[in-house]
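*Asks:* 4 is the number of the first residue of the sequence shown in our numbering; add one for each residue after it.
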Amino acid sequence: MKKKFAFLVLFWCSVFMYAQNYTQAQEELRSDISSYLSRQGLNPENQSDGLKFKSEGSNYYIEIDKDEKSPMYLRLCRYVKYSDTIKQGTIAKNINSYNAKLGIKVCAKENGVVISSEMYLVSSSDFIDVFSTLLSQMKAAYKQIVNQ
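This is the structure in structure tokens:
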């Protein structure tokens with residue numbers, strides 16, 4: 004009995020240690036953005052670090068940094084793996100042009116590319132006001148990457 008109890012205590016401590024601990028404002032931000040995305044027909048899913056949604060068949064993520072509380076930090080991003088049409092060498096060669104033209108950050112990683120837009124904000128309306136523009140800029144950056 005003592006072993007089972009000790010195991011349960013250890014298990015719950017490890018779960019709480021690794022759990023995402025958002026402040027009330029951060030949780031409200033995630034909830035408001037999730038409601039907005041639902042109204043847009045994008046069917047968001049809660050993730051441990053924010054939200055996930057699909058647009059035109061591609062996954063996008065809204066990551067909310069638990070450590071940045073006032074203002075809050077948010078990143079809208081898409082992860083793209085290298086493929087026959089998206090090559091690491093081509094990305095490295097053209098990365099400055101991707102970043103300069105559209106105001107979107109393109110970052111080459113070991114296994115793929117991260118296309119993102121980052122912002123500090125105090126309320127969900129700061130993000131909602133620019134969401135459609137940011138999403139279209141990210142899609143334009145992806146098209147530019149694929150067509151290189």
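Ideal Cβ positions, reconstructed from N, Cα and C, are used throughout, including at glycine.
If you're wondering where the values come from, they're calculated on a predicted model, not measured in any experiment.
In the DSSP assignment, the alpha helix (DSSP H) including E31 goes from what residue to what residue?
*Replies:* On the sequence shown, residue 31 is found 28 positions in, with the first residue counted as 1. Looking at the DSSP string, the run of the alpha helix (DSSP H) that includes E31 is 27 to 42.
*Asks:* Under a three-way DSSP split, which group does S139 fall into?
*Replies:* In the sequence shown, residue 139 corresponds to position 136, counting from 1. Reduced to three states, the DSSP call for S139 is helix.
*Asks:* Hey, K108 and N102: beta-carbon distance below 8 Å or not?
*Replies:* As a first step, residue 108 is located in the sequence shown; it is residue number 105 there, counting from the start. As a first step, residue 102 is located in the sequence shown; it is residue number 99 there, counting from the start. Yes.
*Asks:* Can you list, in chain order, the residues of its chain whose CB lies under 6 Å from that of T88, leaving out five sequence neighbours each side?
*Replies:* Along the sequence shown, one-based indexing puts residue 88 at 85. Cβ within range, chain order: V149.
*Asks:* Please report how far the alpha carbon of N114 lies from the alpha carbon of K84, in whole angstroms.
*Replies:* Here residue 114 is taken as the residue at index 111 of the sequence shown, counted from 1. Here residue 84 is taken as the residue at index 81 of the sequence shown, counted from 1. Whole-angstrom Cα-Cα distance: 6 Å.
*Asks:* Could you give the distance in angstroms between the alpha-carbon of P74 and the alpha-carbon of V125?
*Replies:* If you number the sequence shown from 1, residue 74 lands on position 71. If you number the sequence shown from 1, residue 125 lands on position 122. Taking the straight line joining both Cα atoms gives about 5 Å.
*Asks:* Going by DSSP, what residue range makes up the alpha helix (DSSP H) through G92?
*Replies:* As a working mapping, residue 92 is identified with position 89 in the sequence shown. It spans 91 to 105 - the alpha helix (DSSP H) in which G92 sits, taken as one unbroken run.
*Asks:* Less than 8 Å between the beta carbons of S119 and L54, yes or no?
*Replies:* Numbered from its first residue, the sequence shown carries residue 119 at position 116. Numbered from its first residue, the sequence shown carries residue 54 at position 51. Not in contact: S119 and L54 (Cβ atoms no closer than 8 Å).
*Asks:* Measure the C-alpha to C-alpha separation of E30 and Y82 and round it to an integer number of angstroms.
*Replies:* Working through the sequence shown from its first residue, we reach residue 30 at position 27. Working through the sequence shown from its first residue, we reach residue 82 at position 79. Each residue's Cα considered, the two are about 24 Å apart.
*Asks:* Label Y123 either buried or exposed according to how many other C-beta atoms from any shown protein chain fall within 10 Å of its C-beta, with 16 as the threshold for buried.
*Replies:* As a position in the sequence shown, residue 123 is number 120, starting the count at 1. Flag for Y123 reads exposed.
*Asks:* Could you check if A144 is buried or exposed, using at least 16 other CB atoms within 10 Å of its CB as the buried criterion?
*Replies:* Here residue 144 refers to the residue found at position 141 of the sequence shown. Answer is buried; the Cβ neighbour count reaches 16.
*Asks:* Name the residue from N62, A111, D132, E71 whose alpha carbon lies nearest to the alpha carbon of A95.
*Replies:* Numbered from its first residue, the sequence shown carries residue 95 at position 92. Closest option to A95, Cα to Cα, is A111.
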